[in-house]
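Structure first, then comments.
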Amino acid sequence: MLNLAEYRKTATGLADYLPWASLVAPGIVLNKDGSFQRTIRYRGPDLDSATDAELVAVSARLNNVLRRFGEGWALFFEAERVPANQYPGHRFADAASWLVDQERYAAFSADGAHHESRYYLTLLYLPPPEHQGRAERLLYERQEGYSDEADVWGQLAWFETETTRALELLSSILPEAEALDDVETLTYLHGTISDKRHPVTVPSIPTHLDAILCDTSFLGGVEPKLGRQHLRLLTVAGFPNTTTPGLLDALNDLGFAYRWTTRWIALDKIQANRQLTKLRRQWFAKRKSVAAILREVMFNRETTLVDSDADNKAADADEALQELGADDVAFGYLTTTLVVGDVDHKRADEKLLALERIINGRGFTTIRETLNAVEAWLGSLPGNPYANVRQPIVHTLNLAHMMPVSAVWAGPEKNRHLDAPPLMMTETRGATPFRLDLHSGDVGHAFVVGPTGSGKSVLLSLLALQFRRFIGSQVAIFDRGRSARAASLAMGGESIELGLEGTLSLQPLSRIDEPGELAFALEWVGGLISNEGVSITPDIKDALWTALKSLASAPKGERTLTGLAVLVQSTALSQALAPYTLEGPYGHLLDGATENLALTDVLHVEVEPL
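The working numbering runs 170 ahead of the 1-based position in the sequence shown.
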């Protein structure tokens, strides 16, 4: 007979195991079980630049955010290590700068694969069951016309409000935190189930996301395959006695791609109290064997020897109950899974071994998933709180220490002020590239400090060469010791040495007939006179102003400091100006009748002779 059933009763592909159903609001996904999920992209502090006190403070504040989530909530933290081999290409203004950049590109490529980490937090909420909502409606008055449909949209609005509040709290703690939009959300979800990396556009009818996003075959078994990738999975089963902030930060130094997911299913206070009380009772009962209890009853004498391990664990459960009662922490079920893959199964095993070596070296115990591999992989997907039964109960402060929060910062992806690539590509610790950019907003200031001979001058010359990648850029270098002269001349620039006869002649007063220049000249000449120990009084200002106005009517070739010294009606002022005229030591520089300063795109000024 024909199968006329409306729905299939068995799964036929990977899409049937995925939780995602539809986009119902900006960045919010409705899942098949009726839950809502929203993803936040974040970046935590860099351990290389953060002090221990800062890390402790961040963990404490994260604990304050995490303990707010109760029954119905699940949090999915993910650190995704992705390739970062893109080297910014650009047209340079001169051949020397282009050649230096090509040398740097060759060295960047020869270093091997580069990777950087991206961090995501997916917030999932499952509304209470329908019968609970029906009982609630019996106890509360609702406005007339209130319907089940309005209740669904109300739950969605409540979820959006709560996740926005959590995002604001995270933004005050972490350097970066922002919610993903629809395109970014679909791209992120697609990346977790595919061996291809590309943006995903939002369909006109954003539903059946499981089928839309699934474009790669999945082969189950003890060694599953995703497309051509042989997957290896590692789950954390045991924990060290104590945890510290950034406990697993060493994973950020690995030179291959992986997914590190931490799933935490929150419990409310009543549920957590029930579970901890059960654990305390079980461990307390294990302190004495059945034979020891019978001997106590028969001989009416207490046994002196007890199981110390069970006694300690009962005390630990009791301490956990006290922390829960004081609202210092909240508890939930934790599942930490690492997923790594490679087209070569031997390389996949080597990558898994590297992950295992780092995690076990921090005091954890891990399990290489075989029979549970498919469940572990499904449990690592954001939005699936059901798969993978390995989920010990852990409180939020331990979660703040173990979740992927510390980050090696790779720099901004582009210069937003110039709307261009970063200034240059460098490399930080591990296999992480660093995109160096001096701009913060529209300010491009920088300060380089280091001991003699450490390479400060080389760095500044390299920055000048790399700055030539920007269209219309100009470079002016004030140097001491001619350290940047070769780079400047190679860029086709002009090199000038201040203080040498015949090299440079300036005429600062040549444009005092133009609006605004006269006031500038008054301030500048006043500065010269102050350097000679003459106090600027109103009478002196008036004398300078009169002399400058007279000089402004003279021909341009006569607007010199010598001409000003002749026109000023004060012997003291004439003597103060004398060092800067042709009769003084600085006259050849500042008292020229013409200017021979060439304002080119690249100008090198050597100040050591001066």
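Heads up, the beta-carbon is just placed ideally off N, CA and C, and yes, glycines get one too.
All values derive from a computational prediction rather than experimental measurement.
Just to confirm before moving on: does the CB-CB distance between F501 and H571 stay below 8 Å? The sequence position of residue 501 within the sequence shown is 331, counting from 1. The sequence position of residue 571 within the sequence shown is 401, counting from 1. Result no, Cβ atoms of F501 and H571 do not sit closer than 8 Å.
Per DSSP, what kind of secondary structure is E776 in: helix, strand or coil? Walking along the sequence shown from the start, residue 776 turns up at place 606. Taken through DSSP and simplified to helix, strand or coil, E776 comes out as strand.
What do you get for E684, buried or exposed, if any count of 16 or more other CB atoms within 10 angstroms of its CB means buried? The residue given as residue 684 occupies position 514 in the sequence shown. Exposed.
Rounded to a whole number of angstroms, what is the C-alpha to C-alpha distance between M171 and T331? The sequence position of residue 171 within the sequence shown is 1, counting from 1. The sequence position of residue 331 within the sequence shown is 161, counting from 1. Because M171 sits at a pLDDT of 44, beneath the cut-off of 50, its placement in the model cannot be relied upon, and the following sentence gives the value as read from the coordinates. Distance between M171 and T331, taken at the CA atoms: about 52 Å.
Option in L718, G697, G696, K711 with minimal Cα separation from R681: Walking along the sequence shown from the start, residue 681 turns up at place 511. Closest by alpha carbon: L718.
Mind listing, in chain order, the continuous beta strand (DSSP E) runs of no fewer than 3 residues lying wholly within the stretch 422-455? Runs found: 428-436.
In the structure shown, what three-state DSSP assignment does M171 receive? Looking up residue 171 in the sequence shown gives position 1. Reliability of the predicted coordinates at M171 is poor, the pLDDT of 44 falling under 50, and the value obtained from them is presented with this limitation in mind. It is coil, neither helix nor strand.
Keeping to the same chain, check which residues put their C-beta closer than 6 Å to that of E545; ignore five residues upstream and five downstream. By 1-based counting over the sequence shown, the position of residue 545 is 375. Excluding sequence neighbours, E545 sits near A557, N558.
Using only the alpha-carbon positions, how far apart do T540 and H260 sit? Against the sequence shown, residue 540 aligns to sequence position 370. Against the sequence shown, residue 260 aligns to sequence position 90. Approximately 48 Å, taken between the alpha carbons.
Assigned secondary structure, Y556 (DSSP; H/G/I helix, E/B strand, else coil): Position 386 of the sequence shown, counted from the start, is the residue given in the question as residue 556. Of the three classes helix, strand and coil, the one that applies to Y556 here is coil, per DSSP.
Contact belief for I528 with V406 at Cβ below 8 Å, rounded distance in angstroms: Walking along the sequence shown from the start, residue 528 turns up at place 358. Walking along the sequence shown from the start, residue 406 turns up at place 236. Between V406 and I528 the Cβ distance is about 12 Å, and since that is not below 8 Å, they are no contact.
Determine the burial state of S374: buried for a count of at least 16 other Cβ atoms within 10 Å of its Cβ, exposed for fewer. Working through the sequence shown from its first residue, we reach residue 374 at position 204. Exposed, because fewer than 16 other Cβ atoms sit within 10 Å of the Cβ of S374.
By the 10 Å Cβ neighbour count, where 16 or more other Cβ atoms means buried, how is D218 classified, buried or exposed? Residue numbering aside, residue 218 sits at position 48 when the sequence shown is read from its first letter. Classification of D218: exposed, given that the 10 Å Cβ count is below 16.
With a Cβ-Cβ cutoff of 8 Å, do I363 and L200 count as a contact? Taking the first residue of the sequence shown as 1, we reach residue 363 at position 193. Taking the first residue of the sequence shown as 1, we reach residue 200 at position 30. The answer is no: Cβ separation not under 8 Å.
When you compare the CB positions of R433 and G549, do they come within less than 8 Å of one another, or not? The residue labelled residue 433 in the question sits at position 263 within the sequence shown. The residue labelled residue 549 in the question sits at position 379 within the sequence shown. Yes. Within cutoff.
List the DSSP bridge partners of Q783. Residue 783 cannot be examined here, being either before or after the span of the chain that is shown, 171 to 780.
Looking at the structure shown, is P603 part of a helix, part of a strand, or coil, going by DSSP? Here residue 603 corresponds to residue number 433 of the sequence shown, with the count starting at 1. DSSP places P603 within a strand segment (E or B) once states are collapsed to three.
For the beta strand (DSSP E) containing V353, list its first residue and its last residue. Working through the sequence shown from its first residue, we reach residue 353 at position 183. In the DSSP assignment, V353 falls outside any beta strand (DSSP E) and lies within the alpha helix (DSSP H) extending over 352-362.
For chain B, is any of its Cβ atoms less than 8 Å away from the one on L760? Looking for chain B here will not work: only one protein chain is present.
Which two residues bound the contiguous alpha helix (DSSP H) that contains T536? The count along the sequence shown starts at 1 and reaches residue 536 at position 366. Membership of T536 in any alpha helix (DSSP H) is not indicated; the residue belongs instead to the beta strand (DSSP E) covering 535-538.
Quick check on T764: does DSSP put it in helix, strand or coil? As a working mapping, residue 764 is identified with position 594 in the sequence shown. T764: coil per DSSP, three-state reduction.
Cα-Cα separation between E241 and V372, rounded to whole angstroms: Numbered from 1 along the sequence shown, position 71 holds the residue referred to as residue 241. Numbered from 1 along the sequence shown, position 202 holds the residue referred to as residue 372. About 32 Å.
According to DSSP, simplified to helix, strand and coil, what is G727? Walking along the sequence shown from the start, residue 727 turns up at place 557. DSSP, read as helix, strand or coil, puts G727 in helix.
Of all the options S267, L418, Y257, Y295, which has the alpha carbon lying nearest to the alpha carbon of L525? Start at 1 with the first residue of the sequence shown, and residue 525 comes out as number 355. Per the C-alpha coordinates, the member of S267, L418, Y257, Y295 positioned closest to L525 is L418.
Grouping DSSP H, G and I as helix and E and B as strand, with all else coil, what is V228? On the sequence shown, position 58 is the one that residue 228 refers to. Secondary structure at V228: helix, using DSSP grouped into helix, strand and coil.
From the DSSP output, which residues share a beta bridge with L503? Counting from one through the sequence shown, the residue named residue 503 turns up at place 333. The sequence as given places Tyr at residue 503; Leu does not occur at that position. Beta-bridge analysis with DSSP links Y503 to I435, I563.
Tell me D649's beta-bridge partners as DSSP assigns them. In the sequence shown, counting from the first residue as 1, residue 649 sits at position 479. Beta-bridge pairing links D649 to E776.
Please classify I710: does DSSP put it in a helix, a strand, or coil? Against the sequence shown, residue 710 aligns to sequence position 540. Here I710 sits in helix by DSSP.
Between which residues of its own chain and E248 is the CB-CB distance below 6 Å, once the five residues before and five after are set aside? Along the sequence shown, one-based indexing puts residue 248 at 78. The beta carbon of E248 sits closer than 6 Å to the beta carbons of Y290, T431 from its chain, once the five residues preceding and following it are set aside; these are given in chain order.
Between which two residues does the alpha helix (DSSP H) holding I529 run? Locating residue 529 in the sequence shown gives position 359, counting from the first residue. Counting along the chain, the alpha helix (DSSP H) containing I529 begins and ends at 515-531.
Go to I666, then tell me how far its beta strand (DSSP E) extends in each direction, as first and last residue. Translated into the one-based positions of the sequence shown, residue 666 becomes position 496. For I666, the enclosing beta strand (DSSP E) has its first and last residue at 664-667.
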